[in-house]
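Chains as they are written, first to last, in this note's numbering: chain A, 1 to 318; chain B, 1001 to 1318; chain C, 2001 to 2226; chain D, 3001 to 3226. Ideal placement from N, C-alpha and C gives every residue a C-beta, glycine not left out.
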Amino acid sequence: MVSAGLSVEIGALRLPFPTLMGSGCYGTGAEFAPFADLSRVGAVVLKSLTRKPRLGNAMPRLVHTPAGMLNAIGLQNPGIDWYLEHEMVALAEAPCAMIGSVAGFAVDEYEEVCAKLAARPEIAAIELNISCPNVASEGETFACDPRLTAAVVRAARRVTRKPLIVKLSPNVTGIATIAQHAEAEGADALAVVNTVRGMAIDVDRWQPRLGNVAGGLSGPAIRPIAVLAVYEVARAVRVPIIGQGGIVSTADALEFFLAGASAIGIGTANFFDPRVPERIVAELSAYLAQRGLHDLHEIVGRANVGFASAEQYEGDAG
Amino acid sequence: MVSAGLSVEIGALRLPFPTLMGSGCYGTGAEFAPFADLSRVGAVVLKSLTRKPRLGNAMPRLVHTPAGMLNAIGLQNPGIDWYLEHEMVALAEAPCAMIGSVAGFAVDEYEEVCAKLAARPEIAAIELNISCPNVASEGETFACDPRLTAAVVRAARRVTRKPLIVKLSPNVTGIATIAQHAEAEGADALAVVNTVRGMAIDVDRWQPRLGNVAGGLSGPAIRPIAVLAVYEVARAVRVPIIGQGGIVSTADALEFFLAGASAIGIGTANFFDPRVPERIVAELSAYLAQRGLHDLHEIVGRANVGFASAEQYEGDAG
Amino acid sequence: MAIPPGGAAAAVALGIYDADARDVHLLFVVAGKRTRDLAGLREGETVALAGPLGNGFDLGGVPRDVAIVAGGVGIASVFLAAVALVRVGASVHLYYGARTAAMLVEHERFARAGCEVSLATEDGSAGERGYVTALLERARAPELILACGPTPMLRATAAIAQRMRVPAQLSLEETFACGVGGCWGCVVPIAQSSAQAPHFPPAENGVVHARICREGPVFLAQELRW
Amino acid sequence: MAIPPGGAAAAVALGIYDADARDVHLLFVVAGKRTRDLAGLREGETVALAGPLGNGFDLGGVPRDVAIVAGGVGIASVFLAAVALVRVGASVHLYYGARTAAMLVEHERFARAGCEVSLATEDGSAGERGYVTALLERARAPELILACGPTPMLRATAAIAQRMRVPAQLSLEETFACGVGGCWGCVVPIAQSSAQAPHFPPAENGVVHARICREGPVFLAQELRW
Ligand SMILES: Cc1cc2nc3c(=O)[nH]c(=O)nc-3n(C[C@H](O)[C@H](O)[C@H](O)COP(=O)(O)OP(=O)(O)OC[C@H]3O[C@@H](n4cnc5c(N)ncnc54)[C@H](O)[C@@H]3O)c2cc1C
Ligand SMILES: Cc1cc2nc3c(=O)[nH]c(=O)nc-3n(C[C@H](O)[C@H](O)[C@H](O)COP(=O)(O)OP(=O)(O)OC[C@H]3O[C@@H](n4cnc5c(N)ncnc54)[C@H](O)[C@@H]3O)c2cc1C
Ligand SMILES: Cc1cc2nc3c(=O)[nH]c(=O)nc-3n(C[C@H](O)[C@H](O)[C@H](O)COP(=O)(O)O)c2cc1C
Ligand SMILES: Cc1cc2nc3c(=O)[nH]c(=O)nc-3n(C[C@H](O)[C@H](O)[C@H](O)COP(=O)(O)O)c2cc1C
Ligand code: FES
Ligand code: FES
């Protein structure tokens, strides 16, 4: 069932709802199927895959923080080859689009994993996770450097015609520049943003709480950071943006659409209430009706009025 | 009254308590005097001063967010000359150390304001606010660039022998490198960190909530980000660190000390309970006694065990 | 009055609704988490209060004919002023508006205290249909106007007062952080010539920023430059 | 069982303490905000539950002589198992420890249900002074050990079980996010040869990560590689 006015296009891929379940937060969808109606979800972004199997980081991998949480899973996954061999049957039967996610430690790793995913019809689109903060201990990911970003996107673009989403990091000074590099190399959409780097310390035991020391902060705590990132990226590129970071309600979702996102990602919210995505879709429909709008696109970027001019805040008084 | 084991040195300045009231959050101290005992506070960092008077940003300037708040004051201040002429008498009588804060838009502005503050005995130390996110609309502050950071610190160091604190920004990829540049140019201490850039959108009116569009996020929401920043900076420099960002309790304060901070800044917490600084000082004393410690320094950096080695999270399984 | 509940929430700003030598009465609308926590307090529980903070309505000069305009929760901040005015012999007319009848509270107390009361609701479920300021607009010019409510209501009141050439005292609402004048987060542009303007170097256009929590929350409409 | 309260808090994981055809009983310690919210629910209020999630103790093979080790809140997860074992004729000995006497709760129900009960507190205020595992250490080797409690207690239990050459089933505690196997945040290293090991390519050293929320929370001590 499609709700009028909520569909969204990511490259050639048309999704009935603008709600994507964040990579790493939603398994393959099957884990959440007993608690959520996957036919009311735009797409599931699968857990990021690497060339070789990875057991991920030492435990603990999760810490709850004020209005958020830290995770340092470390890209646990069975590797692309094993995944393609064992997991695709289930994906083929999924009631919503499945988007593959690719992570790696070298440009050729992204290229190889992308090429393998691109060959599979069960995969509707590919997201490049160049921004996972949990595998580079000092936080330097591909998404922190415009040239590295460009290199990865170029390599991936060469091997697939599937819609290509590039997932950006908030742990940078100028996210708009990095977004432009990704767009210039052929990204069909940008996911904005991945988690913010952070850590927590156990003050009883005098040691970091996470096995990996540093982790990625998600949840409502980071929403203001993510909304600003979307706002800045939307001014710099023309491709659609998938806004994410701390969305738990329809009002939160609207912040992202108004900032310039065409779709949203929902991650952490699923952990405390798997009905959130479904509720947001229903409430977005109601919102459009109530405001007399026909399509969600009518509000995309509508609060994006630029920045206060330099003169305004000079405001010299003497 | 001095609590044994809690005093801290910032350059040649000895403070009886390791608690600094964050710049811009505590006025000149006088505003909070009816509600807090300033003799139980390490120091007040004054609102940042610029060369000329500034009326600051358009309203609204404040938004509450999950476990935090956004502010975009825009450095409202009467300018250094007027301030020195009218406000110093009150400062001279303050029951705790007063630390001047300097902001600016050019290296020579920092130099001029620093030189003027340095001449005044009422000012115990000087903090360089090179990281205010609310006056550069795209977020590029001096603290986002190692060379600009070095230039400002060098200029300030030339004109003052007072203890010099450099306040860093979390809105960067490699804060440790920037910290090293500040230290190399003669900073006596580093304040880590200023607010994280963010924004919020009014979904009823379809417009940014802040007059300045973007603002600085503070409060418990950013604590994991701030703790990691202190942890990273502590591994890179030898000067003392004043850790801040979301401290509301003694446990929060201990996270910062264990990460490597020698002192802490308390800002937003004062807004909902001005007794927080006093309570933390009392509880820190109790903590030391309970753990059989004589000095807070014994725990500084004790949870700073480095980062997980690359091998650990390779963890390849096949 | 700022009420900091436990946890990391910001304080709630509340006006004193009523007070005598022993008790302070607060009247508030449950609008979100913080007021819900407050409302959940049981008899005997304690809560920390800071205040009263800022100024109040200036009732000096014994005005004889006063209009009070209150919108929504704004009603909470004008009761003490109304009572004091009636007590010194003023004739007080309360114009009180809300979105709907259920949100019009406590106005009988104003009537009992000797005020004339006119009501408005946006949906017409009680009193006149429309904004409360429409009532004021048609009234005979009073000697003084006091107002408390949402900013659009206050702006409309200021415009009417200017047309009527009547002084108006407006109690402004804003998001606060420190509540004590320390953060400059709650300012309103005001003529530097105002007695309420804070100490600041001469501003080019004669306009500076006053802190609502410290120099206010009550300002003279004719001195605001918003 | 995951109980998501309103707001942006994470869900609370709770074991089912007791259950019949009509009711589910939960037993929990008020440790923080989320459990305080839960405890604040009044009769008639509703709350969303997801579960039961994961596995439970495996009571097949009709063991006749079972030791149950419970630490603190862990008591909540072993009652149903104790009752089921007594019902099929097993002799059940509960070893139950907590920090202090006031934290020892509900153990009379175990006695009434037919279990032998031995207590320990860290401060000696009830039962034996010290850790509960000291009681198990001195006991005659049972046929099976079930345990639920803090991780250090579980590790000690596993070591004792190994020395006694008795199989032990441990209900592990961990911080959860999704609670349904979707995020790989709650793993424990386990022998890949275990029937509980998740589907994964052959690992070099024969160890993989099982999800406590999905493949667990109950694991066989001898198969863990933690
Ligand atoms: C000087 C001054 C005096 C005040 N005196 C009083 C008083 O006496 N009594 C009183 O109840 N309040 C008073 N207020 C308002 C009060 O400070 C709170 O803002 C209000 O009570 C909501 O608090 P909350 O935390 O529960 O809601 P929040 O969590 O802050 O808000 C919840 C939601 O309700 C909306 N909302 C917030 N406030 C209102 C409102 N007033 N009307 C409609 N929607 C709103 C917000 O947009 C938000 O979405 C006063 C404010 C000022 C500036
Ligand atoms: C499989 C499984 C089953 C569980 N079953 C139960 C159950 O039946 N009953 C039950 O009460 N809990 C049970 N727990 C624990 C439960 O999930 C919560 O962690 C616990 O109740 C605290 O929740 P909170 O949000 O109130 O505290 P939090 O806000 O998470 O914690 C508050 C503070 O208390 C400390 N703390 C948290 N938990 C404990 C604890 N258990 N003992 C001592 N200190 C603690 C934390 O370090 C923190 O500082 C179970 C956990 C698991 C993994
Ligand atoms: C437990 C967890 C695991 C995650 N794993 C991945 C991952 O493998 N790949 C990825 O691109 N993002 C990953 N993320 C990031 C999320 O997809 C999402 O971008 C981020 O959490 C912000 O959104 P949220 O606040 O709605 O969770 C993970 C997030 C969490 C909380
Ligand atoms: C309202 C407000 C105003 C601030 N103004 C300044 C300022 O003028 N100069 C400065 O260096 N930092 C300023 N800060 C940053 C704080 O000093 C502090 O570094 C930051 O808020 C993080 O700490 P916290 O979470 O304890 O508030 C301001 C913060 C707030 C909330
Ligand atoms: S709220 Fe800080 S100055 Fe008014
Ligand atoms: S909590 Fe997500 S896999 Fe267990």
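Report task. Could you round the C-beta distance between glutamate 255 (chain A) and valine 1203 (chain B) to whole angstroms and report it? I think they count as a contact, below 8 Å. Result -> One-based indexing of the first sequence puts residue 255 (chain A) at position 255. One-based indexing of the second sequence puts residue 1203 (chain B) at position 203. Contact flag correct, Cβ pair sits at about 6 Å.
Query raised in the report: With respect to 6 Å, is the separation between the Cβ of phenylalanine 2176 (chain C) and the closest non-hydrogen atom of ligand 5 below this value?
Result: Counting from 1 along the third sequence, the entry for residue 2176 (chain C) is found at position 176. Correct: phenylalanine 2176 (chain C) has its Cβ closer than 6 Å to ligand 5.
Requested in this report: Spell out whether any CB of chain B is found under 7 Å from the CB atom of glutamate 2181 (chain C).
Outcome: Walking along the third sequence from the start, residue 2181 (chain C) turns up at place 181. Residue identity differs from the one stated: residue 2181 (chain C) is glycine in this sequence, not glutamate. For glycine 2181 (chain C), the answer is yes, since a Cβ of chain B falls inside 7 Å of its Cβ.
Report task. May I ask you to list, following chain order, the residues of the region 1274-1307 of chain B that have a beta carbon less than 9 Å from some beta carbon of chain C? Result -> Listed by position along the chain: Pro1274 and Arg1275.
**Report entry** Beta carbon proximity, asparagine 71 (chain A) to chain D, threshold 7 Å
**Finding:** Indexing the first sequence from 1 puts residue 71 (chain A) at position 71. Interface residue, yes.
Query raised in the report: If you measure from the beta carbon of cysteine 1144 (chain B) to each beta carbon in chain A, is any gap under 7 Å?
Result: Counting from one through the second sequence, the residue named residue 1144 (chain B) turns up at place 144. The beta carbon of cysteine 1144 (chain B) falls within 7 Å of a beta carbon belonging to chain A, placing the residue at that interface.
**Report entry** Spatial distance of valine 1153 (chain B) from proline 1034 (chain B) (CA atoms)
**Finding:** In the second sequence, counting from the first residue as 1, residue 1153 (chain B) sits at position 153. In the second sequence, counting from the first residue as 1, residue 1034 (chain B) sits at position 34. Spanning the two alpha carbons is a distance of roughly 36 Å.
Query raised in the report: How many Å lie between valine 2117 (chain C) and tyrosine 2096 (chain C) at the Cα?
Result: Here residue 2117 (chain C) refers to the residue found at position 117 when the third sequence is read from its first residue. Here residue 2096 (chain C) refers to the residue found at position 96 when the third sequence is read from its first residue. C-alpha separation (whole angstroms): 7 Å.
Query raised in the report: If we ignore side chains and look at the alpha-carbon of each, how far apart do proline 12 (chain A) and proline 240 (chain A) end up?
Result: In the first sequence, residue 12 (chain A) corresponds to position 12, counting from 1. In the first sequence, residue 240 (chain A) corresponds to position 240, counting from 1. The sequence shown places alanine at residue 12 (chain A), not proline. Whole-angstrom Cα-Cα distance: 12 Å.
Query raised in the report: Quick one: which chain B residues come within Cβ less than 8 Å of valine 2062 (chain C)?
Result: Counting from one through the third sequence, the residue named residue 2062 (chain C) turns up at place 62. Going along chain B, no residue has its Cβ under 8 Å from valine 2062 (chain C), so there is no contact; the nearest lies around 31 Å.
**Report entry** is_contact[isoleucine 201 (chain A), chain B] using C-beta, thresh 7 Å
**Finding:** Counting from one through the first sequence, the residue named residue 201 (chain A) turns up at place 201. Taking 7 Å as the CB threshold, isoleucine 201 (chain A) lines the interface with chain B.
Requested in this report: Flag asparagine 77 (chain A) as yes when its Cβ comes closer than 6 Å to any non-hydrogen atom of ligand 4, and as no otherwise.
Outcome: Locating residue 77 (chain A) in the first sequence gives position 77, counting from the first residue. For ligand 4, not one heavy atom lies less than 6 Å from the Cβ of asparagine 77 (chain A).
Requested in this report: Spatial neighbours of glycine 3006 (chain D) within its chain, please: CB distance less than 6 Å, with the 5 preceding and 5 following residues excluded, ordered by chain position.
Outcome: Looking up residue 3006 (chain D) in the fourth sequence gives position 6. Bear in mind that the predicted position of glycine 3006 (chain D) carries a pLDDT of just 43, short of 50, making it too unreliable to give a figure here.
Requested in this report: May I ask whether a heavy atom of ligand 3 can be found less than 6 Å away from the beta carbon of threonine 2035 (chain C)?
Outcome: Counted from its first residue, the third sequence places residue 2035 (chain C) at position 35. No - ligand 3 has no heavy atom lying nearer than 6 Å to the Cβ of threonine 2035 (chain C).
Query raised in the report: In whole angstroms, what is the alpha-carbon distance linking arginine 2225 (chain C) and arginine 2155 (chain C)?
Result: Residue 2225 (chain C) sits at position 225 when you count from the first residue of the third sequence. Residue 2155 (chain C) sits at position 155 when you count from the first residue of the third sequence. Arginine 2225 (chain C) and arginine 2155 (chain C) have their C-alpha atoms spaced approximately 11 Å apart.
Requested in this report: Measuring only between beta-carbons, confirm whether glycine 318 (chain A) sits less than 7 Å from chain B.
Outcome: Locating residue 318 (chain A) in the first sequence gives position 318, counting from the first residue. Because glycine 318 (chain A) carries a pLDDT of 34, less than 50, the predicted location of this residue cannot be relied on, and the following value inherits that uncertainty. Yes, its Cβ sits closer than 7 Å to a Cβ of chain B.
Query - Local conformation of tyrosine 2131 (chain C) per DSSP, three classes - result: In the third sequence, the residue the question calls residue 2131 (chain C) occupies position 131. In the structure shown, tyrosine 2131 (chain C) adopts coil according to DSSP, grouped into three states.
Report task. On the DSSP bridge assignment, give the partners of aspartate 3018 (chain D) in chain order. Result -> In the fourth sequence, residue 3018 (chain D) corresponds to position 18, counting from 1. Paired residues: D:His3025.
Query raised in the report: Start and end of the alpha helix (DSSP H) containing arginine 3155 (chain D)?
Result: Residue 3155 (chain D) sits at position 155 when you count from the first residue of the fourth sequence. Following the DSSP letters along the chain, one finds arginine 3155 (chain D) inside the alpha helix (DSSP H) bounded by residues 3151-3164.
Query raised in the report: Are the C-beta atoms of histidine 3209 (chain D) and some chain A residue less than 7 Å apart?
Result: Residue numbering aside, residue 3209 (chain D) sits at position 209 when the fourth sequence is read from its first letter. Closer than 7 Å to the CB of histidine 3209 (chain D) there is at least one CB belonging to chain A.
Query raised in the report: Does any residue of chain A bring its CB to less than 7 Å from the CB of threonine 3175 (chain D)?
Result: For the purposes of this step, residue 3175 (chain D) is identified with residue 175 of the fourth sequence, where counting begins at 1. Interface residue, yes.
Requested in this report: If I'm right that threonine 2100 (chain C) touches threonine 2121 (chain C) with Cβ under 8 Å, what's the distance once you round it to whole angstroms?
Outcome: In the third sequence, the residue the question calls residue 2100 (chain C) occupies position 100. In the third sequence, the residue the question calls residue 2121 (chain C) occupies position 121. Their Cβ separation, rounded to whole angstroms, is 5 Å, which keeps threonine 2100 (chain C) and threonine 2121 (chain C) in contact under 8 Å.
Query - Whole-angstrom distance between serine 1131 (chain B) and threonine 2157 (chain C), CA atom to CA atom - result: Position 157 of the third sequence, counted from the start, is the residue given in the question as residue 2157 (chain C). Position 131 of the second sequence, counted from the start, is the residue given in the question as residue 1131 (chain B). Our two residues, threonine 2157 (chain C) and serine 1131 (chain B), have alpha carbons roughly 41 Å apart in a direct line.
Query raised in the report: Got a sec: which bits of the region 3029-3058 of chain D sit with their beta carbon under 7 Å from any beta carbon on chain A, in order along the chain?
Result: Ala3050
Query raised in the report: How is proline 3189 (chain D) classed by DSSP in three states: helix, strand or coil?
Result: Here residue 3189 (chain D) corresponds to residue number 189 of the fourth sequence, with the count starting at 1. Strand.
Query raised in the report: glycine 327 (chain A) bridges to which residues according to DSSP?
Result: No answer is possible for residue 327 (chain A): it lies beyond the span of chain A, which begins at 1 and ends at 318.
Query raised in the report: Which residues in the same chain as leucine 1117 (chain B) place their Cβ atom closer than 6 Å to its Cβ, once the five residues preceding and following it in sequence are excluded?
Result: If you number the second sequence from 1, residue 1117 (chain B) lands on position 117. Gly1100, Ile1123 and Ile1126.
Query - Strand pairing of glutamine 244 (chain A), partner residues [DSSP] - result: On the first sequence, position 244 is the one that residue 244 (chain A) refers to. Its beta-bridge partners are A:Gly265.
Requested in this report: Could you tell me which of A:Leu6, A:Arg14, A:Arg61 and A:Gln76 sits nearest to histidine 3199 (chain D), measuring between CA atoms?
Outcome: Counting from one through the fourth sequence, the residue named residue 3199 (chain D) turns up at place 199. Nearest C-alpha to histidine 3199 (chain D): A:Gln76.
Requested in this report: Classify tyrosine 2095 (chain C) as helix, strand or coil using the three-state DSSP reduction.
Outcome: Position 95 of the third sequence, counting from 1, holds the residue named residue 2095 (chain C). DSSP, reduced to helix, strand and coil, places tyrosine 2095 (chain C) within a strand of the structure shown.
Query raised in the report: Is the CB of glycine 1315 (chain B) under 7 Å away from at least one CB in chain A?
Result: The residue you call residue 1315 (chain B) lines up with position 315 of the second sequence. With a pLDDT of 43 at glycine 1315 (chain B), under the threshold of 50, the predicted position of this residue should be treated as unreliable, and no value is reported.
Query raised in the report: So does serine 2077 (chain C) have its beta carbon nearer than 6 Å to some heavy atom of ligand 3?
Result: By 1-based counting over the third sequence, the position of residue 2077 (chain C) is 77. Not so, every heavy atom of ligand 3 lies at least 6 Å from the Cβ.
Query raised in the report: Since cysteine 25 (chain A) is in the beta strand (DSSP E), which residue starts that stretch and which ends it?
Result: The residue labelled residue 25 (chain A) in the question sits at position 25 within the first sequence. Careful: cysteine 25 (chain A) lies outside any beta strand (DSSP E) and carries neither H nor E.
Requested in this report: List in chain order: all unbroken beta strand (DSSP E) runs of 3+ residues lying wholly within the region 1099-1159 of chain B.
Outcome: 1125-1129
Query raised in the report: Is alanine 2211 (chain C) near ligand 5, in the sense that its beta carbon is under 6 Å from a heavy atom of that ligand?
Result: The count along the third sequence starts at 1 and reaches residue 2211 (chain C) at position 211. For clarity, residue 2211 (chain C) is arginine in the given sequence; the question names alanine instead. Set against 6 Å, the gap from the CB of arginine 2211 (chain C) to the closest heavy atom of ligand 5 is smaller.
**Report entry** Proximity test, threonine 1195 (chain B) beta-carbon vs ligand 3 heavy atom, cut-off 6 Å
**Finding:** Locating residue 1195 (chain B) in the second sequence gives position 195, counting from the first residue. Look at threonine 1195 (chain B): its beta carbon is at least 6 Å from all of the heavy atoms in ligand 3.
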